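Peer 1:
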Amino acid sequence: MPHSPLNTVEQRLLWLSHWMIHNANHIRPKVDAIKLGGHQASSASMVSILTALYFGALRPQDRVAVKPHAGPVFHAMQYLMGNLPREKMENFRGFGGVQSYPSRTKDVDDVDFSTGSVGLGVAVTSFASLIQDYIAAKPWGEGQRMGRMIALMGDAELDEGNIHECLQEGWKHDLRNVWWVIDYNRQSLDGVVREGLWSRIEQIFTAFGWDVVRVKYGALQRAAFAEPGGEALRDWIDACPNEVYSALTYQGGAVWRARLMEALGDQGDVTALIDRRSDRELADLMENLGGNCVQTMADTFASIDHDRPTCFLAYTVKGWGTPIAGHKDNHGGLMTKAQMADWQRHMGVPEGQEWEPFAAVDDPEALRSFLREVPFFAEGPRRKTDARLPVPQLQIATDRSLSTQAAFGKILDDLARGDSALAERIVTTSPDVTGTTGLGAWVNRRKLFARHARADEFRAQNIPSTAKWDFAPEGQHIELGIAEMNLFLLLAAAGLSHTLFGRRLIPVGTVYDPFVVRGLDALNYACYQDARFLIAGTPSGVTLAPEGGAHQSVSTPLIGMAQDGLAAFEPAFVDELAVIMEWAFDYLQRDGEGDPDERTWLRDETGGSVYLRLSTNPLEQPGQRHDDAFRQGAIDGAYWLRPPGPNCEVVIAYQGAVAPEAIRAAGHLAEGRRDVGVLAVTSADRLNAGWTAAQRARARGQRGALSHVERLLGGLPRHCHLVTVIDGHPATLSWLGSVAGHRTIPLGVEHFGQTGTIGDLYHHFGIDAATIVDRVAGLTEGREISALH
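Counting from 391, one number per residue, gives the positions in the sequence shown under the numbering used here.
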């Protein structure tokens, strides 16, 4: 084994990561008939980079997003350091074992950023750096140790559009303290990358103000280039097509020799340079690209003495150091049992010691001594926390017609006027729709964030404007360009601030509701790593009538129900919204155990993020309400706006802005149906989650487990019909009939919208009062009901 500690660590990580994958695929008993996989080749190409970074360059305050397919190397590293038990490694990709890709929430070792959906883990590091700057600029952030936010990425991740959106946003915000290390192995799942990609990469990063460091040659290659004939060898390497280089790597030293002699032989010095090396030495030389040379990478990282964003273009061989190096099928390929046996002998690992961290190490005590002194691991686990912030009571006047979007802005404006600890930690953001989603007043009072102050030129020249856009370090709004992926990645970074930087933020984002879908991958990513934020989707539905189908959301209520880690609400009235937001600001900060509340069977103490689906349509308010049933019902997901009588024949359950239609229809139906009830649903998401959780509890023997929605609907007569109505997909509420076995008439929007008045569109899609009455009259038994006009 090599004597350098970095080389020794590199070889240990190479072996342990590949053995873990091999064990899962070829040794552990298989239950399912599907391939487990594990990305041996992608791990191998990054092992030198991870070794140089973690065991040389990093400090405890640095944060890293590890390339998803290099996750096995990360876990092997934690195992080597004693931070991961062997049983987790043995159960790689099994239930309760090491996850396929690094996960903050599923893995037990020190993962900084979850990765898996390629490109997102890369981009979030830029927004984490922005949040680090935001915190450092505040009085309550003094003493913050500034770390580097680092992404280890595959070259194929540069195909992801969110990478380029992020680069532009970073340039606008004077990005710093970010490193992106590109594993430039020039192979992806379906083939080899196009020639000359490196030059396009350099141009893109340079255009956005990044330093680009190309790390192409390892120490062996640089030494060979200094020999007589070395310049010709370097020229040949530079001109060799990626596909040819990969194929020669796979075939090994003898084929390298034949090809080089064919191209460069009979040139005296070059022939001598080749002849001085055995086939094995020649293969080692040709595969010694910069990214596969641990000392070269360590020296390169150590040479950076500034905080400018830096891209390292590290040339590597995919599958480096293994029998499958260079093969075009190695992305999803695995070493066979025979290949592994030969490779084990090559690596010097004795049979029976495959899991031994220090197997094949010449001086284990010297290595242990080296590992004890590695700066990055010196402070132990780096998950931080911060105290919970008290939430003031939120109130809003209900004496006039008001939309939920306007109320949202008014509540934030009231917080901005005050001096609460909560308001001090709120940070808002929006993708170029700040003023049209209710954040204008907040921003006018709390300013926009920038590391360097910049005055509003319109205000400076006394030009009237409703927007007072002063940029300052104390600002509490981060303005984004119109890219929803960036919005959710920023919310992800801000929503992890308490655990990354030890300073809690209360992130609040806004977006046009239909464009939640444009950022959905990043929203899912943020929730997957348990980031905490509040997102308001507004305006929503066909209620945004004049904007037409392109701006009218249909599916977002279902997204709110399906998205894990996100509690979704759609209040109709502003007092509901105030109650929900007060609860939400506390919910964002919770991190308790997962035991459910036996009143609702929801795991509220674990906390999570919150999604508000709001509207710009002003509604007449029901007046001041203070009763506990209303307040608790708004949080739990529903309450009786009009309680049903004992002989109830129809209940109208609505969610959101269609409330006036439901109320009007209920009044009219009273002429032909008895004891009509109106159920105000504020969160189909929470009702459904509690219902399914209570069913699981009953299946486990807790026979008395009842959810909130079961208590609400359980007393209705069996002959009662439910009419559900929402400005969104009808499946959001149609399941309510299954709770207690009631026949259900689901109304909602199933197709793209169009322009018109609210009345036009409500009638067209059948969510108006007249349609509700018509459906009840036509589909239920009872006295004749006159049409509603």
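Glycine residues also receive a C-beta, built at the ideal position from the N, C-alpha and C atoms. Bear in mind the structure is a predicted one, so any value in this text is a computation, not a measurement.
1. Do you know whose CA, among Ser759, Glu652, Gln611 and Lys708, lies nearest Ile439's CA?
2. Around the Cβ of His408, are there at least 16 other Cβ atoms within 10 angstroms (buried) or fewer (exposed)?
3. Since Thr889 is in the beta strand (DSSP E), which residue starts that stretch and which ends it?
4. Please list the terminal residues of the continuous beta strand (DSSP E) segment that includes His1111.
5. Please confirm whether Val1066 has its beta-carbon closer than 8 Å to some beta-carbon of chain D.
6. Do you know offhand how far Leu654's Cα is from Tyr574's?
7. Going by C-alpha to C-alpha distance, which of Val932, Glu621 and Gly537 sits closest to His1141?
8. Is Leu948 near Ala1028, with beta carbons less than 8 Å apart?
9. Leaving out five residues on either side along the sequence, give the residues of the same chain with a beta carbon under 7 Å from the beta carbon of Pro1136.
10. Let me know if Val437 comes out buried or exposed under the rule of 16 or more other beta-carbons within 10 Å of its beta-carbon.
11. When burial is assigned at 16 or more other CB atoms within 10 Å of the CB, is Asn720 buried or exposed?
12. Is Leu679 near Tyr607, with beta carbons less than 8 Å apart?
13. Across which residues does DSSP place Phe748 in a beta bridge pair?
14. Can you give me the C-alpha to C-alpha distance between Asp580 and Ala597, rounded to a whole angstrom?
15. Measuring straight from C-alpha to C-alpha, what distance separates Gly890 and Arg698?
16. Give the DSSP-derived three-state secondary structure of Cys917 in the structure shown.
17. Would you check if the segment 922 to 937 and the segment 845 to 864 touch, i.e. whether three or more CB-CB distances between them fall below 8 Å?
18. Within a Cβ cutoff of 6 Å, which residues of the same chain sit near Ala731, ignoring the five residues on either side of it in sequence?
19. Tell me, please, whether the segment 913 to 924 touches the segment 997 to 1007 by the rule of three or more beta-carbon pairs shorter than 8 Å.
20. Would you mind sorting Arg449 into buried or exposed? The rule is 16 or more other CB atoms within 10 Å of its CB.
21. Could you say which of Val1066, Arg418, His941 and Ile801 lies nearest to Met971 if we only look at CA atoms?
22. Please determine, among Ser855, Thr824, Arg835 and Pro863, the residue with the shortest C-alpha to C-alpha distance to His842.
23. Do you know offhand how far Arg778's Cα is from Leu812's?
24. When you compare the CB positions of Thr712 and Trp733, do they come within less than 8 Å of one another, or not?
25. For Asp695 and Asn567, I'd like the C-alpha separation in whole angstroms.
26. Tell me the start and end of each unbroken alpha helix (DSSP H) in the segment 679 to 736 that is at least 4 residues and wholly inside, in chain order.
27. How big is the Cα-Cα spacing for Ala756 and Gly619?
28. Short of 7 Å in beta carbon distance, which residues of its chain neighbour Gly1172, apart from the five on each side in sequence? Order them along the chain.
29. Quick one, which of Met467, Leu1077, Arg1021 and Ala968 has its alpha-carbon nearest Ala952's?
30. State the CB to CB distance for the pair Gly1118 and Val1139, rounded to an integer number of angstroms; the pair is presumed to be in contact (CB under 8 Å).
31. Compare the beta carbon distance of Ala749 and Val764 with 8 Å and say whether it is the shorter of the two.
32. Quick check: the Cα distance between Gly799 and Gln942, rounded to an integer number of angstroms?
33. Am I right that Trp912 and Asn552 are in contact with their C-beta atoms under 8 Å? What's the rounded C-beta distance?
34. Look at the Cβ atom of His888, then the Cβ atom of Thr775, and state whether they are nearer than 8 Å.
35. Does the Cβ of Thr398 have 16 or more other Cβ atoms within 10 Å, making it buried, or fewer, making it exposed?
36. Take the Cβ of Asn852 as the centre, count every other Cβ of all protein chains shown within 10 Å, and call the residue buried at 16 or more, exposed below.
Peer 2: According to the data block:
1. Lys708
2. buried
3. Not the beta strand (DSSP E): Thr889 falls in the alpha helix (DSSP H), residues Ser887 to Leu890.
4. His1111 to Ile1116
5. Any reference to chain D falls outside this structure, which holds one protein chain only.
6. 26 Å
7. Val932
8. no
9. Thr1114, Pro1120, Leu1123 and Ser1124
10. buried
11. buried
12. yes
13. Answer is none; Phe748 lacks a bridge partner.
14. Reliability of the predicted coordinates at Asp580 is poor, the pLDDT of 48 falling under 50, and the value obtained from them is presented with this limitation in mind. Answer to the nearest angstrom: the Cα atoms are 29 Å apart.
15. What sits at residue 890 in the sequence shown is Leu, not Gly. Near 21 Å, if we compare the C-alpha coordinates of Arg698 and Leu890.
16. helix
17. no
18. none
19. yes
20. exposed
21. Ile801
22. Pro863
23. 9 Å
24. yes
25. 11 Å
26. 684 to 692
27. 39 Å
28. Glu1039, Gly1062 and Arg1063
29. Leu1077
30. 6 Å
31. no
32. 21 Å
33. Checking the displayed sequence, the identity of residue 912 turns out to be Ala instead of Trp. Contact flag correct, Cβ pair sits at about 7 Å.
34. yes
35. buried
36. exposed
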